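Take a look at the structure set out below.
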Amino acid sequence: MAGVGSRPRRRGLLLSAVRDELVWIDCEMTGLDLKSDRLIEIAVLVTDSELNILGDGLDVVIHTDDAALSSMVDVVTQMHTRSGLIEEVR
């Protein structure tokens, strides 16, 4: 039960802490195998509940070696070539 002067709660959260923002995280890898493939890019955006982008976001490209790039299957190589990501990670 809320005491005098305390903030109202909703499902364990302070109402003032509830926000309508969404965090979108996109990761690109050299493939889908978490044990052998490598993470090569992480991008993050924050939007409001109407999907308007808030701020500049973040895009981190992670360097990887040619051996990891040459092990990618054709469809992944084509996708990352078209986007320019392969050149960025070298």
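Position 86 of the sequence shown, counting from 1, maps to 78 under the numbering used here, and the rest follow consecutively. Ideal Cβ positions, reconstructed from N, Cα and C, are used throughout, including at glycine. Treat the numbers as computed from the prediction; the structure is a model and nothing was measured.
For the pair residue 41 and residue 12, the CB atoms are nearer than the 7 Å cut-off. Contact annotation: the region 14 to 31 touches the region 54 to 61, with at least three C-beta pairs closer than 8 Å. Secondary structure within the region 40 to 73: the beta strand (DSSP E) runs of 3 or more consecutive residues, fully enclosed, are 45 to 53 (chain order). Residue 64 counts as buried, since no fewer than 16 other beta carbons sit within 10 angstroms of its beta carbon. Following the DSSP letters along the chain, one finds residue 14 in no alpha helix (DSSP H) but inside the beta strand (DSSP E) bounded by residues 14 to 21.
Looking from the CA of residue 56, the closest CA among 36, 66, 26, 32 belongs to 32. A direct Cα-Cα distance of roughly 20 Å separates residue 28 from residue 52. The straight-line gap separating the alpha-carbon atoms of residue 16 and residue 39 is approximately 8 Å.
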